[in-house]
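Here is the structure we will look at.
Protein chains: 2
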Amino acid sequence: MSRPDNSAPAPNGKRVRLSPAERRQQLITLGVEMLREHDLDDISITEIADRAGISRGLLFHYFASKQDFQVAIVRQANADFLERTAPDRNLDLFSMLRDAIERYIDYVSENSSGYHALLRGPVSARPEMAELVADARQATADRILAEAPIPPDNPDHPRLSLAIRGWIAFVEEVVLTWLRDQPITREALVDMLVASLPALALNADLTAALQQ
Amino acid sequence: MSRPDNSAPAPNGKRVRLSPAERRQQLITLGVEMLREHDLDDISITEIADRAGISRGLLFHYFASKQDFQVAIVRQANADFLERTAPDRNLDLFSMLRDAIERYIDYVSENSSGYHALLRGPVSARPEMAELVADARQATADRILAEAPIPPDNPDHPRLSLAIRGWIAFVEEVVLTWLRDQPITREALVDMLVASLPALALNADLTAALQQ
Numbered sequence: 001m002s003r004p005d006n007s008a009p010a011p012n013g014k015r016v017r018l019s020p021a022e023r024r025q026q027l028i029t030l031g032v033e034m035l036r037e038h039d040l041d042d043i044s045i046t047e048i049a050d051r052a053g054i055s056r057g058l059l060f061h062y063f064a065s066k067q068d069f070q071v072a073i074v075r076q077a078n079a080d081f082l083e084r085t086a087p088d089r090n091l092d093l094f095s096m097l098r099d100a101i102e103r104y105i106d107y108v109s110e111n112s113s114g115y116h117a118l119l120r121g122p123v124s125a126r127p128e129m130a131e132l133v134a135d136a137r138q139a140t141a142d143r144i145l146a147e148a149p150i151p152p153d154n155p156d157h158p159r160l161s162l163a164i165r166g167w168i169a170f171v172e173e174v175v176l177t178w179l180r181d182q183p184i185t186r187e188a189l190v191d192m193l194v195a196s197l198p199a200l201a202l203n204a205d206l207t208a209a210l211q212q
Numbered sequence: 213m214s215r216p217d218n219s220a221p222a223p224n225g226k227r228v229r230l231s232p233a234e235r236r237q238q239l240i241t242l243g244v245e246m247l248r249e250h251d252l253d254d255i256s257i258t259e260i261a262d263r264a265g266i267s268r269g270l271l272f273h274y275f276a277s278k279q280d281f282q283v284a285i286v287r288q289a290n291a292d293f294l295e296r297t298a299p300d301r302n303l304d305l306f307s308m309l310r311d312a313i314e315r316y317i318d319y320v321s322e323n324s325s326g327y328h329a330l331l332r333g334p335v336s337a338r339p340e341m342a343e344l345v346a347d348a349r350q351a352t353a354d355r356i357l358a359e360a361p362i363p364p365d366n367p368d369h370p371r372l373s374l375a376i377r378g379w380i381a382f383v384e385e386v387v388l389t390w391l392r393d394q395p396i397t398r399e400a401l402v403d404m405l406v407a408s409l410p411a412l413a414l415n416a417d418l419t420a421a422l423q424q
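Protein chains in written order, with the numbering used here: chain A, 1 to 212; chain B, 213 to 424.
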């Protein structure tokens, strides 16, 4: 294999030499940026190579295949997603939940095309992509369980764990649907999502109360 | 086109002549039966033709293509699903919800492979299948809204409609996850699902109560 040419035109016209690791990261970052407004399969390898100022052939020095590149993009998008929605532990439980949900809605709004495609499009059926999406969901579920005021040895833990998994599906569906025609205000959406987690988590007690 | 031979061996060895409509329905019914334990794409056209006692070629007198046959199978599966989960209006609201959820869990348990594939497998990404699944969800959402003790002109209607859509995603995810390793009893699962609908539907009031 020939030595890749890592130089690229800088804004001042000079070519910037990137290390292989930097170049790889640059290509992934460009891919994640394009994922905001494109379905993963609509991201053009040629366009990314152009933006990076390298040839299409050189891009494949860093990624074994288009699929390999796509997996790297989605892996980075997952990491960004988890960073963007990380709980702020300086806040009390309800404020922490509201704050994280607001940032989740911002994230989905800003990345609507790629996020929708990843969760609902043809891409979502590809095993390697489904696994990455499942990983992000699991990481979110683990975070919520870690903050829940219920110790892991509590007998209610398996039910709570199942409820949180379902809650994530609830939130995804509600936010993706809301984005299409925004039938309620963003504030009402946030209120609904914030309330839904404790409502589901505590629901065994509530049924009894509601049925009386 | 030659006239199709509609006769098939009956249990007593004689051939039974079916009308074209009856034959078509027989083939669809066989497909729906196989969908219980198979992913849609794993249903063998040859095996269905064999079971019906006709040739593979004759099957394609009734369906333009394999895809056309698959759509007919899923359409019938949807109709069966909606019939199986129809609300029993002789019951009060909570009993009606519990009864329908129990029948939903039975349905998913009995049709787990095909149902899982249709909602989560590669099949789910095909536009015509995604549309049929969306139709069944919408029909379920419409049923719930029709029973909800809130008139259509209530200002809370758009939020409730969004919450019900999300609740369906919650129920699907919880039941499909539960089926895998059954971390809680079926009774606890039913309790959780029954409680979750009013918990989500009423959540605006609940938040205030919980935050105090």
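Every residue, glycine too, gets a C-beta built ideally from N, C-alpha and C.
It should be emphasised that the depicted structure is a prediction, and the values quoted were computed from it without experimental measurement.
- By the Cβ neighbour-count rule, D191/A is buried, with 16 or more other Cβ atoms within 10 Å of its own.
- A direct Cα-Cα distance of roughly 24 Å separates A79/A from T177/A.
- Given a length threshold of 4 residues, each whole run of the alpha helix (DSSP H) inside the region 18-84 of chain A is given here in chain order: 20-35, 45-52, 56-62 and 66-84.
- Rounded to the nearest angstrom, the Cβ distance from S112/A to L179/A is 6 Å, consistent with a contact under 8 Å.
- Scanning the region 70-154 of chain A from its first residue to its last, the whole alpha helix (DSSP H) runs of 4-plus residues come out as 93-110, 112-120 and 127-147.
- Counting along the chain, the unbroken alpha helix (DSSP H) around T177/A starts and ends at H157 to D181.
- Ranked by Cα distance from E172/A, the first of A199/A, A134/A and A146/A is A134/A.
- Under the Cβ criterion of 9 Å, T177/A is counted among the residues facing chain B.
- P299/B sits close to R355/B, with the two beta carbons spaced by under 9 Å.
- In terms of beta-carbon proximity, F170/A lines the interface with chain B, with at least one pair separated by less than 9 Å.
- CA-to-CA, the gap between A264/B and R235/B works out to about 8 Å.
- Secondary structure at L414/B: coil, using DSSP grouped into helix, strand and coil.
- Taking C-beta separations shorter than 6 Å and ignoring five residues to either side along the sequence, the partners of A351/B in its chain run L294, following chain order.
- When the Cα atoms are used, L59/A and S336/B turn out to be separated by approximately 32 Å.
- Less than 9 Å separates the beta-carbon of A199/A from that of S408/B.
- For a cut-off of 8 Å, the C-beta gap from R296/B to R315/B is around 6 Å, short enough to register as a contact.
- Note that the C-beta distance between F69/A and I54/A is not below 9 Å.
- In this structure, the straight-line span from the alpha carbon of I184/A to that of L374/B is close to 9 Å.
- G121/A has a beta carbon lying within less than 9 Å of a beta carbon in chain B.
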